[in-house]
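Reading through the structure tokens given below for one structure.
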Amino acid sequence: MPSSNLYPTAELRAADSRHYLHPFTDFKALAAEGARVIVRGEGVWLEDSDGNRYLDGMAGLWCSNVGHGRREIADAVYEQMKELAFYNSFFKTTNAPAIRLAEKLAELAPAHLNHVFFCGSGSEANDTVVRLVRHYWATLGKPGKDIIIARHNAYHGSTMAGASLGGMKPMHSQGGLPIPGIEHIPQPYWFGEGGDLSPAEFGLWAARQLEAKIEALGENRVAAFIAEPIQGAGGVIIPPETYWPEIKRICGKHDILFVADEVICGFGRTGRWFGSEYYGMEPDLMSIAKGLTSGYLPMGGVMVADRVADVVIGMGEEFYHGYTYSGHPTCAAAALANLKIIQEEHLVERVANDIGPYFQKQWLALGDHPLVGEARMVGLIGALELVPNKPSRHEKFANTGDVGTLCRDFSFNNGLVMRATRDSMIISPPLVISHAEADELIKRATLTLDQTYMALKKDGRVK
Ligand code: PXG
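Going by the working numbering, the sequence shown wraps up at 456, each residue one higher than the last.
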């Protein structure tokens, strides 16, 4: 990758703050500071308009599973665009890449999931979920069975239904959310909310909140439970081992659908194709996006179990739902090329047996740092909890988020992209990261922790 370039950074920044409304951004703060202009990506590396290089510890935004700059995907997209850039899938029409992709996904997903509804993003996937599960129960003559249970601090997208399913309080405070018929239960976040319970006890407690909620609402009113196998944006919440088996028992006992939001956990992140497989869950529906195309083009979908498809296809009236870009041929071509790379380079197996264990060992060792209260990781998704007074996990920093932001800024300056959630640091690198690059990531993360620790010592926030 060339280290110099011709981008006019100052002018781009000025135009950016004049015209570009960024997502999830404090506009005034961004205008004051100016955004980093990212101009190039290759493998796990990014380069900005001033020629600075960054190790992309977040795989774009939890999505660049095959790494940046893959020529194979660019070529597949180019070829498809020349042939047929776009046609829709309405009115009894279809296209070859979307068919091939649906077939491929049925092959890769657990055996009982053989149908897919395509859309443009994870948010649209979850909007589709809400409409589809309600349509399913209505078709079975139970239109009143329409409540969807989700979890606090979950992230399911930014559309009206996605943000409603999500459990982010600041999002609900804007725009009149959640929409009706969505309920939330506690998350299985032992480090932050486990009190004096052991992880195992807390995992059972958190799972049983689902049963309590179903019983309080009445099973005849509950359509589905939706959850990420591991909560990503919420702070890489890895549930205690007791959690998913108990959820499985509860979903099996009550007649409700289980929806796995695989937008982050899907396509190898956990060392299995899907996070629900890692936890032995058998979802009725799976939301997918991000790693489906590794972010090369926007695409999402909902995978549908035979049990649900049989009803919706065999008994239902028309499902009045769909997007212009459902089954977009060029996006499907990108997804196919991406999945081909994941298969041919054995990236899922690599996360399970090679780079995953190699990286985890070093990441978990960061738990010994005086600032780190807990290091956790599954596959290639992990977090570090920063605490002021180790080993207490009950004491937190004042003004939650300030220390995380400080640490993230040090990280950027050290040429490493980590994301901060509250006061924890998050990592989710491309699955192609090499051993040497993993070592480099850990080196930069260690330096970042040391600098953060020193700064906090200096201003008295740690003793
Ligand atoms: N479900 C999950 C589990 C997600 O992580 C979505 C749905 C929505 O996908 P789209 O494609 O509509 O964005 C997501 C997206 C963050 C961050 O700050 C995470 C996401 C999106 C934006 C920011 O960690 N995840």
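Beta carbons are placed, not taken as given, at the ideal position from N, Cα and C, and that holds for glycine.
Treat the numbers as computed from the prediction; the structure is a model and nothing was measured.
Would you kindly check if the distance between the Cβ of V297 and the Cβ of F110 is under 8 Å?
By one-based count along the sequence shown, residue 110 stands at place 117. By one-based count along the sequence shown, residue 297 stands at place 304. The beta carbons of F110 and V297 sit closer together than 8 Å.
request  = Enumerate in chain order the residues of its own chain whose CB-to-CB distance from T2 is below 7 Å, with the five nearest sequence positions on each side excluded.
outcome  = What you label residue 2 is simply residue 9 of the sequence shown in a count that begins at 1. So the qualifying residues of the chain are V30, S42, D43.
Cα-Cα separation, S(-3) to A8: For this step, residue -3 is matched to residue 4 along the sequence shown. For this step, residue 8 is matched to residue 15 along the sequence shown. Low local confidence applies: a pLDDT of 49 at S(-3) is under 50, so the model's placement there is unreliable, with the coordinate-based value given in what follows. The alpha-carbon atoms of S(-3) and A8 are separated by roughly 22 Å.
Those runs of the alpha helix (DSSP H) which lie wholly inside the segment 272 to 356 and span at least 4 residues: Runs found: 299 to 307, 322 to 337, 340 to 346.
State buried or exposed for R300, treating a residue as buried only when at least 16 other CB atoms are found within 10 Å of its CB.
As a working note, residue 300 is residue 307 in the sequence shown. Burial call: exposed.
Problem - C-beta contact flag for I212 and H105 at 8 Å - result: The residue you call residue 212 lines up with position 219 of the sequence shown. The residue you call residue 105 lines up with position 112 of the sequence shown. Reading the sequence as shown, one finds Glu at residue 212 and not Ile. No, they are not a contact pair.
Taking 7 Å as the cut-off, does the CB of E76 come closer than this to any heavy atom belonging to ligand 1?
Residue mapping note: residue 76 aligns to position 83 of the sequence shown, counting from 1. No; taking the cut-off as 7 Å, the Cβ of E76 has no heavy atom of ligand 1 nearer than that.
What are the start and end residues of each continuous alpha helix (DSSP H) run of 4 or more residues lying completely inside the segment 116 to 164, in chain order? Complete alpha helix (DSSP H) runs here, min 4: 153 to 158.
*Local conformation of A69 per DSSP, three classes*: Mapped onto the sequence shown, residue 69 falls at position 76. Helix at A69.
Three-state secondary structure (DSSP) at E212? Your numbering for residue 212 matches position 219 in the sequence shown. Correct three-state label for E212: helix.
task = Leaving out five residues on either side along the sequence, give the residues of the same chain with a beta carbon under 7 Å from the beta carbon of G113.
result = On the sequence shown, residue 113 is found 120 positions in, with the first residue counted as 1. Within the same chain, G113 has close Cβ partners P291, M292, G293, Y316, Y318.
- Which first and last residues belong to the beta strand (DSSP E) in which N107 is found? Here residue 107 is taken as the residue at index 114 of the sequence shown, counted from 1. For N107, the enclosing beta strand (DSSP E) begins and ends at 106 to 112.
Check: W55 C-beta below 7 Å from any heavy atom of ligand 1:
As a position in the sequence shown, residue 55 is number 62, starting the count at 1. For ligand 1, at least one heavy atom lies less than 7 Å from the Cβ of W55.
Query - Test item: CB-CB of G50 and L409 under 8 Å - result: In the sequence shown, counting from the first residue as 1, residue 50 sits at position 57. In the sequence shown, counting from the first residue as 1, residue 409 sits at position 416. For G50 and L409, yes; Cβs fall inside 8 Å.
Inset, instruction - Compute the beta-carbon to beta-carbon distance between I175 and L158, rounded to the nearest angstrom, for a pair I have assumed lies under 8 Å. - result: The residue you call residue 175 lines up with position 182 of the sequence shown. The residue you call residue 158 lines up with position 165 of the sequence shown. The Cβ separation is near 6 Å, so the contact holds.
Taking the CB atoms as reference points, tell me whether S417 and L377 lie closer together than 8 Å.
Here residue 417 is taken as the residue at index 424 of the sequence shown, counted from 1. Here residue 377 is taken as the residue at index 384 of the sequence shown, counted from 1. Taking 8 Å as the Cβ cut-off, S417 and L377 qualify as a contacting pair.
- Query: Leaving out five residues before and five after F251 in sequence, what residues of the same chain have Cβ atoms less than 6 Å from its Cβ?
  - Reply: Along the sequence shown, read from residue 1 onward, the residue named residue 251 stands at position 258. The residues are F218, C244, P276, D277.
- Message: ligand 1 and I374: does any heavy atom of the ligand fall closer than 7 Å to the residue's C-beta?
- Response: Taking the sequence shown and counting its residues from 1, the one referred to as residue 374 is at position 381. If you check the C-beta of I374 against ligand 1, you find no heavy atom less than 7 Å away.
Suppose the cutoff is 6 Å on Cβ atoms and the five residues either side in sequence are ignored; what does the same chain contact list for F390 look like? Position 397 of the sequence shown, counting from 1, holds the residue named residue 390. Within the same chain, F390 has close Cβ partners P381, V396, D416.
Let me know the secondary structure DSSP gives M51 once reduced to three states. Position 58 of the sequence shown holds residue 51. DSSP places M51 in coil when its eight states are reduced to three.
| query | Based on the DSSP output, what are the partners of W38 in its beta bridges? | reply | Taking the first residue of the sequence shown as 1, we reach residue 38 at position 45. Answer is E35, L48.
Could you check whether G259 and W237 sit closer than 8 Å to each other, using their CB atoms as the reference points? Within the sequence shown, residue 237 is the residue found at index 244, counting from 1. Within the sequence shown, residue 259 is the residue found at index 266, counting from 1. It is not a contact, given that the beta carbons lie outside the stated cut-off.
* Asked: Are at least three pairs of beta-carbons, each pair with one atom in the segment 319 to 329 and one in the segment 69 to 86, less than 8 Å apart?
  -> The segment 319 to 329 is in contact with the segment 69 to 86.
Next on the checklist: So L340 and N107 are supposed to be a Cβ contact under 8 Å. How far apart are they, rounded?
Outcome noted: Position 347 of the sequence shown, counted from the start, is the residue given in the question as residue 340. Position 114 of the sequence shown, counted from the start, is the residue given in the question as residue 107. In this structure L340 is not in contact with N107, their Cβ atoms being roughly 23 Å apart against a cut-off of 8 Å.
- Task: Compute the distance between the beta-carbons of I334 and R33, then report whether it is under 8 Å.
- Result: As a working note, residue 334 is residue 341 in the sequence shown. As a working note, residue 33 is residue 40 in the sequence shown. It is not a contact, given that the beta carbons lie outside the stated cut-off.
Q) CB of A226 to nearest heavy atom of ligand 1: below 7 Å? A) As a position in the sequence shown, residue 226 is number 233, starting the count at 1. Yes; taking the cut-off as 7 Å, the Cβ of A226 has a heavy atom of ligand 1 nearer than that.
Neighbour-count burial assignment, T398, 16 or more Cβ in a 10 Å radius | Counted from its first residue, the sequence shown places residue 398 at position 405. So T398 counts as exposed.
Please state if the CB of G196 and the CB of P232 are separated by a distance shorter than 8 Å. Numbered from 1 along the sequence shown, position 239 holds the residue referred to as residue 232. Numbered from 1 along the sequence shown, position 203 holds the residue referred to as residue 196. Note that the C-beta distance between P232 and G196 is below 8 Å.
(Q) Buried or exposed, going by whether 16 or more other CB atoms sit within 10 Å of the CB of S116? (A) The residue labelled residue 116 in the question sits at position 123 within the sequence shown. Buried, because 16 or more other Cβ atoms sit within 10 Å of the Cβ of S116.
Task: Separation of L48 from P(-5), as counted between CA atoms - done: Here residue -5 is taken as the residue at index 2 of the sequence shown, counted from 1. Here residue 48 is taken as the residue at index 55 of the sequence shown, counted from 1. Note on P(-5): pLDDT 46, under 50, position unreliable in the model; the coordinate value appears next. The straight-line gap from Cα to Cα measures roughly 15 Å.
Rounded to whole angstroms, what is the Cα-Cα separation between P90 and A326?
Taking the sequence shown and counting its residues from 1, one reaches residue 90 at position 97. Taking the sequence shown and counting its residues from 1, one reaches residue 326 at position 333. Within the model, the alpha-carbon separation for P90 versus A326 is close to 6 Å.
Since I believe I348 is in contact with I230 (beta carbons under 8 Å), could you give me their beta-carbon distance rounded to a whole number of angstroms?
Here residue 230 corresponds to residue number 237 of the sequence shown, with the count starting at 1. Here residue 348 corresponds to residue number 355 of the sequence shown, with the count starting at 1. The pair is not a contact, with the Cβ atoms about 23 Å apart (cut-off 8 Å).
Next on the checklist: Short of 7 Å in beta carbon distance, which residues of its chain neighbour T86, apart from the five on each side in sequence? Order them along the chain.
Outcome noted: Translated into positions along the sequence shown, residue 86 becomes position 93. If we look at T86 and ignore the five residues flanking it on each side, its Cβ neighbours are Y80.
Subject >> Complete alpha helix (DSSP H) runs within the segment 388 to 451 (minimum length 4 residues, chain order) >> reply: Every alpha helix (DSSP H) stretch that sits fully inside the segment 388 to 451 and reaches 4 residues is listed by chain position as 395 to 406, 428 to 451.
### Query
Does ligand 1 have a heavy atom nearer than 7 Å to the CB of N119?
As a working mapping, residue 119 is identified with position 126 in the sequence shown. It does: the Cβ of N119 is within 7 Å (strictly closer) of some heavy atom of ligand 1.
> So, is H428 buried or exposed, given that buried needs 16 or more other C-beta atoms within 10 angstroms?
Replying inline: For this step, residue 428 is matched to residue 435 along the sequence shown. Exposed, since its Cβ has fewer than 16 Cβ neighbours within 10 Å.
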